[in-house]
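S.K.: Numbering (the numbering used here), first residue to last: 7 to 780.
Glycine residues also receive a C-beta, built at the ideal position from the N, C-alpha and C atoms.
Since the structure is predicted, the reported quantities are computational estimates derived from the model, not experimental observations.
I have a structure here, written as structure tokens, and I will follow up with some questions on it.
The structure is reproduced here in structure tokens:
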């Protein structure tokens, strides 16, 4: 159990750059009549509990439901482990199925109530209906690898579900949500979307048994990558909105009556919106014009749009591109809240800026006026790399006092944050997506932060969480092993005065030093040499993989210097599987060999060799910063609100995890890119293979990379770090108020919160009556 602490004014004054004594009313305009409710200005945070789970991560929105019937909502969280069936050494209680699952945590203490394992990642959890007749809400679980299961909310036991596929498919994704009773058995039923590599489908299942009641194939067999939404038309019919397409393809929003999915004959659906880019974040429903009908909020690449819920015509849209050559994409769903004073929900939006995913340079967070999309902040809030978890809203008494609860990232290098870069190998998207960009770009640690912001506080708001200050908590279970390249000092007996050496001897000395730098930390250099592998006799003992090179160098047997790459400039790693590889590139035969011969076989002078070697050493030192101890922090699950355990304020439950960074990822700065273009421009070729060879050599020279560093290495393919779940309390008070005429704004009870969490069937709750009805 964590010790509670108070993060009040004193803590913020000492730790954070926007202290509470600077708080004042940063109102966007003079507030309208606020009755006698005064906005909060003094916020206090207190830890309630935290729990850690090794080798897990979560991408599912948190769900709150009281499954142990103690009057306090419990925490339901979906997770994944990156483990394959049958390889569950780290999870002995999982037997042979441990790819993902769901945890139920006691809302009061954080203790585990039950755990349900699945064969793949759980991405969606809905615990809003009772299908087991025990008066406790049960849970739908869905996600990757064909995961679709209904579990008992009290015990976590299996009720019904789809069997795991016999053969693994590239894409096999389910989303599931409870809907109203369709088949008349007095149990809520289930709407699912199912996407395979080459098809998509909507289906309605019996909530009681899981039997399919009806289905609809998507037009042109396209996939569904956003959760479908159910809304109500003007005549009271249930309408299902579903979208096809992705950020890389065109997209369409379709509408179909829920009843049409059940019919056996031809299905009816309408194309209500289309774009060159598919919907890039979840569909959000909220009444944006106060006509009593839910409108449709969606994003498509760089565009934020609001469609009238009656006829799907645009109410307004905002496009973000056009400012510079960089792409802007909105990849997480907007968050609605009553931010200003006009009774129309405003939208918190975070967009990413970069060349293309995953080359994200920075993020920007801003608030769009719900009436017309115009920004309400003086300027966007600048963040670090990609933000992957959308926000929620905290509703307060009074008008215009609601707060956004949202995530940000930072590399703590604001001055350089907007500088562009590119990956050396852009095709390795999976590896690049796990790159530690803060380390690679700025030699700094990535920090994830959670803020709350309303219109009365200077942006970015009040900092509630920072991974920087939670390192020990979030690494207190998992033994994190990273194979670091340690650079020990060479033994004293090898230290010599090289002041009078000629250049060849200096080069040899540099290679000797590199051999020693390749030796793992604490390697026993002077242990007795095994008689069966008596390689170096009286010389210092080396790892077997570098012993031959060490012997050659230490006995002055310097091999000939290659003219196209430096065989000794590699950062040697005895455990690297590439250590035993052969350089097949030099054994291949290409057309146009004569054309590249003069480029490859330049008559390099010794001065240039030494200078290149020096550059490689400097670049190596920069690159080695990616080998660090704390992994990459992530927040990919959406927070949830709960009624306060102690009766004050509002409780916030959220989760973070960290992942292992990908190895051997190299990025190009603007300077590197200019260098490569300059070198390749001097030697053009119409032969693609020849040009790629020329470009590869230019890249090595400009970056100071050896062949071993340039070639692709086997990436980390194990379980990730550790999942940490927190429960904190947020309370606030007002200063200098007249109790006889004023009262302080307070968080509303949970059942009156407008957007307390995000899940497959969560909708924005209007708090103000419509101005008119259509």
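1) Would you mind working out which of 210, 169 and 252 sits nearest residue 198, comparing C-alpha positions?
2) From residue 259 to residue 714, what does the alpha carbon distance come to, in whole angstroms?
3) Should residue 666 be labelled buried (16 or more other beta-carbon atoms within 10 Å of its own) or exposed?
4) Under 8 Å, do residue 135 and residue 184 count as touching if we go by C-beta distance?
5) Which whole-angstrom value describes the C-beta separation of residue 108 and residue 82, a residue pair presumed to lie in contact below a C-beta threshold of 8 Å?
6) I think residue 302 touches residue 222, with their Cβ atoms under 8 Å apart; what is that distance to the nearest whole Å?
7) Measure the Cβ-Cβ separation of residue 48 and residue 741 and say whether it is below 8 Å.
8) Near residue 200, which residues of its chain fall below 6 Å by C-beta distance, leaving aside the five closest residues on each side in sequence?
9) Report the CB separation of residue 339 from residue 288 in whole angstroms; it is logged as a contact under 8 Å.
10) Can you list the beta strand (DSSP E) stretches of 3 or more residues lying completely in the segment 644 to 705, in chain order?
11) Give the straight-line distance between the Cα atoms of residue 166 and residue 316, rounded to the nearest whole angstrom.
12) How many angstroms separate the CA atom of residue 55 from the CA atom of residue 735?
13) Can you tell me the Cβ-Cβ gap for residue 351 and residue 364, rounded? I've got them flagged as a contact below 8 Å.
14) Which residues bound the alpha helix (DSSP H) around residue 477?
15) By the 10 Å Cβ neighbour count, where 16 or more other Cβ atoms means buried, how is residue 700 classified, buried or exposed?
16) Would you list the residues sitting across from residue 421 in a DSSP beta bridge?
17) Within the segment 427 to 476, note down every full beta strand (DSSP E) run reaching 3 residues or more, in order along the chain.
18) Which residues does DSSP pair with residue 200 in a beta bridge?
19) Assuming the contact rule is C-beta atoms closer than 8 Å, residue 147 and residue 84 should be a hit. Round their C-beta distance to whole Å, please.
20) Could you name the residues that DSSP lists as bridge partners for residue 122?
21) Does the Cβ-Cβ distance between residue 417 and residue 452 come in under 8 Å?
22) Pick helix, strand or coil for residue 760, following the three-state DSSP scheme.
23) Is residue 267 helix, strand or coil when you go by DSSP?
24) Does the count of Cβ pairs from the segment 58 to 70 and the segment 654 to 669 closer than 8 Å reach three?
25) Given residue 775, which residues of its chain have a CB within under 7 Å of its CB, disregarding the five upstream and five downstream residues?
26) Across which residues does DSSP place residue 357 in a beta bridge pair?
27) Throw me the rounded Cβ distance for the residue 59 and residue 772 pair, which I believe falls under 8 Å.
28) If we call anything under 8 Å between Cβ atoms a contact, is residue 347 one with residue 400?
29) Helix, strand or coil for residue 163, going by three-state DSSP, please let me know.
30) Can you tell me where the beta strand (DSSP E) with residue 155 in it begins and where it stops?
31) Can the beta-carbon of residue 466 be found closer than 8 Å to that of residue 414?
32) DSSP three-state label for residue 144, please.
33) Shortest alpha-carbon distance to residue 283 belongs to which of 257, 51 and 420?
34) Nearest-angstrom Cα distance between residue 686 and residue 704?
35) Whose CA, out of 334, 760 and 482, lies closest to the CA of residue 730?
36) If you drop the 5 nearest sequence neighbours on each side, which residues of the same chain put their C-beta closer than 8 Å to that of residue 321?
M.R.: So, from the listed chains and residues:
1) Cα-wise, what sits closest to residue 198 is 210.
2) Their backbone Cα atoms lie some 48 Å apart in a straight line.
3) Counting other Cβ atoms within 10 Å of its Cβ, residue 666 reaches 16 or more and is therefore classed as buried.
4) It is a contact, given that the beta carbons lie within the stated cut-off.
5) Confirmed, about 6 Å.
6) Actually they are not in contact, since the Cβ atoms of residue 302 and residue 222 sit about 19 Å apart, beyond 8 Å.
7) A contact, by the Cβ cut-off of 8 Å.
8) Cβ neighbours of residue 200 beyond the five flanking positions: 180 and 207.
9) Between residue 288 and residue 339 the Cβ distance is about 4 Å, and since that is below 8 Å, they are a contact.
10) Complete beta strand (DSSP E) runs here, min 3: 646 to 648 and 656 to 665.
11) For residue 166 and residue 316, the distance between alpha carbons rounds to 37 Å.
12) If I take the Cα positions, the gap works out to 10 Å.
13) Incorrect: roughly 31 Å between the Cβ atoms, too far for contact.
14) For residue 477, the enclosing alpha helix (DSSP H) begins and ends at 477 to 480.
15) Label assigned to residue 700: buried.
16) For residue 421, which the question treats as bridged, DSSP gives no partner whatsoever.
17) Runs of the beta strand (DSSP E) inside the segment 427 to 476: 453 to 459 and 468 to 472.
18) Residue 200 is bridged to 180 and 207.
19) Contact flag correct, Cβ pair sits at about 7 Å.
20) The partner list for residue 122 (beta bridge, DSSP) reads 108.
21) Cβ distance < 8 Å, so residue 417 and residue 452 count as in contact.
22) Look at residue 760 here: in three-state DSSP terms it is coil, with no helix or strand label.
23) In the displayed model, residue 267 falls within a helix according to three-state DSSP.
24) They touch, by the three-pair rule.
25) Within the same chain, and ignoring the five residues on either side of residue 775 in sequence, no residue has its Cβ closer than 7 Å to its Cβ.
26) Beta-bridge pairing links residue 357 to 370.
27) Here residue 59 is actually not in contact with residue 772; their C-beta atoms are around 37 Å apart, not less than 8 Å.
28) No, these two residues do not count as a Cβ contact at 8 Å.
29) In the structure shown, residue 163 sits in coil (DSSP, three-state: anything other than H, G, I, E or B).
30) Going by DSSP, residue 155 is part of the beta strand (DSSP E) stretching over 154 to 157.
31) Their beta carbons are under 8 Å apart, which means residue 466 touches residue 414 by this criterion.
32) For residue 144, the secondary structure class from DSSP, reduced to helix, strand or coil, is strand.
33) Of the candidates 257, 51 and 420, 257 places its Cα closest to the Cα of residue 283.
34) Cα to Cα, the separation comes out at about 7 Å.
35) The shortest Cα separation from residue 730 among 334, 760 and 482 belongs to 482.
36) The beta carbon of residue 321 sits closer than 8 Å to the beta carbons of 294, 295, 301, 312, 313 and 314 from its chain, once the five residues preceding and following it are set aside; these are given in chain order.
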